[in-house]
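Q: Before I ask anything, here is the structure I am working with.
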Amino acid sequence: SAAVDIFLDFVSPEEESRLLDELAGRDGPWSSSALSRRVQHYGHTFNYRTLMLDYSKNTPPLPESCVDLAHRISTTYPNPNPGEG
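With our numbering applied, the sequence shown has no gaps in its numbers, which climb one by one up to 80 at the end.
Put into structure tokens, the structure is as follows:
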């Protein structure tokens, strides 16, 4: 059976505003894709034609504003199956 955990106020209103300003705005780190939509890639780029990761392209690291959030997510809900996810 599947379960869902809900963490109220996991992201503060100030953090939400900062993340939206940096990532979702017109000047966000958008790139074009084969799907004719805007996407953001961190780590390796996903190739929508081959449905595989494209290891030949350099991509930016996770934005600084996301580092703390990513850390909180990984420590709040660690992956129960190392190597997955």
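Think of the CB as a built atom: it goes at the ideal place given N, C-alpha and C, for glycine as much as any other residue. Note that this is a predicted model, so its numbers are computed, not measured.
Quick one: what's got a C-beta closer than 8 Å to ARG13's C-beta in the same chain, skipping five residues either side?
A: Counting only Cβ-Cβ distances below 8 Å, and skipping sequence neighbours, we find SER60.
Q: Would you give the residue range spanned by the alpha helix (DSSP H) that THR71 belongs to?
A: Note, THR71: alpha helix (DSSP H), 59 to 71.
Q: One question on the structure: do TYR72 and ASP0 come within less than 8 Å of each other, judged by their Cβ atoms?
A: Yes.
Q: Let me check one thing: in DSSP terms, what residues is PHE41 bridge-paired to?
A: Answer is LEU48.
Q: Would you please state the rounded distance, in angstroms, between the beta carbons of TYR37 and PRO8? I believe it to be under 8 Å.
A: Actually they are not in contact, since the Cβ atoms of TYR37 and PRO8 sit about 24 Å apart, beyond 8 Å.
Q: Quick one: residues in its chain with C-beta nearer than 7 Å to the C-beta of ALA65, no 5 flanking neighbours on either side, listed in chain order?
A: Same-chain partners within the cutoff: LEU57.
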